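Trainee:
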Amino acid sequence: MRREAVIVYVADEQMRARSRAEHIHNPRTALQQANRSKMGIASHFLRHMQAMVAHGFLPTYTERNGRKVGAYHVALGRLLQEAMVQTGGAWEIDPKRVTLAEGNSLERHPASYARKGRNLRLDFSNGLPKGVGRIRIAVYCPATGRASHFVQEVELACNSIQLWLPKWARGQALHLWWMVECKGRMRWSSSYLAVGAKDTRGGQKKKTPHSPLRRVESSGNTVRQTTPVSKRKAKEGRACLPDDERQE
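Note that the numbering used here gives residue 86 to position 86 of the sequence shown, counting from 1, and the numbers run on in steps of one.
(1) Is Gln172 helix, strand or coil by DSSP?
(2) Name the DSSP beta bridge partners of Asn104, please?
(3) Cβ of Tyr140 within 9 Å of Cβ of Leu176?
(4) So what does DSSP say about Met39, is it helix, strand or coil?
(5) Go through the region 59-117 residue by residue and report every complete run of the beta strand (DSSP E) that reaches 3 residues or more, in order.
(6) Inspect the beta-carbon positions of Arg108 and Asn126 and report whether they are closer than 9 Å.
(7) Label Pro95 either buried or exposed according to how many other C-beta atoms from any shown protein chain fall within 10 Å of its C-beta, with 16 as the threshold for buried.
(8) So Gly70 and Pro59 are supposed to be a Cβ contact under 8 Å. How far apart are they, rounded?
(9) For Val85, which residues from the same chain have a beta carbon less than 6 Å from its beta carbon, with the 5 sequence-adjacent residues on both sides left out?
(10) Using the Cα positions of Glu82 and Asp123, report the straight-line distance between them to the nearest angstrom.
(11) On the criterion of 16 or more Cβ atoms from any shown chain inside 10 Å, does Gln162 qualify as buried, or is it exposed?
(12) Tell me, please, which residues DSSP counts as bridged to Cys182.
(13) If you count every other CB in all the chains shown that lies within 10 Å of the CB of Arg118, and 16 or more means buried, which is it?
(14) What span of residues does the alpha helix (DSSP H) with Met52 cover, start to end?
(15) Who are the Cβ neighbours of Ala101 in its own chain at under 6 Å, not counting the five residues just before and after it?
(16) Please confirm whether Arg187 and Gly131 have their CB atoms less than 9 Å apart.
(17) Could you give the DSSP three-state label for Leu46: helix, strand or coil?
(18) Could you name the residues that DSSP lists as bridge partners for Val10?
(19) Counting C-beta neighbours from all protein chains within 10 Å, is the total for Tyr113 16 or more, i.e. buried, or is it exposed?
(20) Here's the rule I'm using: 16 or more other beta-carbon atoms within 10 Å means buried, otherwise exposed. How should Arg146 be labelled?
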């Protein structure tokens, strides 16, 4: 007679044994459900950030069996270890601790913003790192549950970048992550910026506090253009626009 394998796990500093669950996709214990919820929230968020993590992380090999792990799973591991917080029994994502690229810290290159309507200007008081040729930006709106990605070429001594936000971002608080791409082997980590819902007065630069994320959805838009200052100029091909705006 064949015996079923016994599953052993640790909970509350005790080693417990249980029989195999009838439905693996429906965990029965509270610990299993919490772990499943944690993985689900992290995976759901990261799927909509693939446009950035695909360039921000490099594939690696595991230490156990030397299995190759892609950029997505490397980023997922960082997200689970560093950015997941548990409050009131529920798992959330702390956006300030999210890492979408690995490399040198951008702490010496802080970003601030000025916002008016759908026009968002990012200012870099210390400039961008030397050798930067491209900047990638991910914008997420927690109220609408949508995200857009922007890719923009930058010139030497670039201290400011302007974006024309999607319609759903108007008047909404936003979470923004940005990373840079340099020539050669130099790699930089991502940086986070919380964007307030209200316009800044007189182009005033501002930084805002952040709030945890629970779920994220993405429009999947990736564009590549130059700097806008108005919607009219944006339509002339000088704007960083989401795809739905480029067809108006």
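Where is the CB? At the ideal position from N, CA and C, for every residue including glycine.
Predicted, not measured: the structure shown is a model, and the values here were computed from it.
Mentor: Taking the structure as given:
(1) In the sequence shown, residue 172 corresponds to position 172, counting from 1. DSSP places Gln172 in coil when its eight states are reduced to three.
(2) Residue mapping note: residue 104 aligns to position 104 of the sequence shown, counting from 1. DSSP output for Asn104 lists Trp188 as bridge partner(s).
(3) Locating residue 140 in the sequence shown gives position 140, counting from the first residue. Locating residue 176 in the sequence shown gives position 176, counting from the first residue. Cβ atoms of Tyr140 and Leu176: closer than 9 Å.
(4) Looking up residue 39 in the sequence shown gives position 39. Note: Met39 maps to helix in three-state DSSP.
(5) 84-87, 90-93, 111-116
(6) The sequence position of residue 108 within the sequence shown is 108, counting from 1. The sequence position of residue 126 within the sequence shown is 126, counting from 1. For Arg108 and Asn126, yes; Cβs fall inside 9 Å.
(7) Reading the sequence shown from its first residue, position 95 is the one you call residue 95. Flag for Pro95 reads buried.
(8) Along the sequence shown, one-based indexing puts residue 70 at 70. Along the sequence shown, one-based indexing puts residue 59 at 59. Confirmed, Cβ separation roughly 5 Å.
(9) Along the sequence shown, one-based indexing puts residue 85 at 85. Excluding positions up to five away in sequence, the list reads Glu92, Asp94.
(10) Here residue 82 refers to the residue found at position 82 of the sequence shown. Here residue 123 refers to the residue found at position 123 of the sequence shown. Taking the straight line joining both Cα atoms gives about 27 Å.
(11) As a first step, residue 162 must be located in the sequence shown, where it is residue number 162. Answer is buried; the Cβ neighbour count reaches 16.
(12) Here the question's residue 182 lines up with position 182 in the sequence shown. According to DSSP, which records beta bridges pairwise, Cys182 is partnered with Val132.
(13) Looking up residue 118 in the sequence shown gives position 118. It counts as buried.
(14) Within the sequence shown, residue 52 is the residue found at index 52, counting from 1. Met52 -> alpha helix (DSSP H) spans 50-56.
(15) The count along the sequence shown starts at 1 and reaches residue 101 at position 101. Closer than 6 Å at Cβ, skipping near neighbours: Gly56, Met179, Ser189, Ser190.
(16) In the sequence shown, residue 187 corresponds to position 187, counting from 1. In the sequence shown, residue 131 corresponds to position 131, counting from 1. In this structure, Gly131 does not lie closer than 9 Å to Arg187 by Cβ.
(17) As a position in the sequence shown, residue 46 is number 46, starting the count at 1. Correct three-state label for Leu46: helix.
(18) In the sequence shown, the residue the question calls residue 10 occupies position 10. In DSSP, Val10 forms a bridge with Met15.
(19) On the sequence shown, position 113 is the one that residue 113 refers to. Classification for Tyr113: buried.
(20) Sequence index remark: in the sequence shown, residue 146 carries index 146 (1-based). Its Cβ being crowded by 16 or more others within 10 Å, Arg146 is buried.
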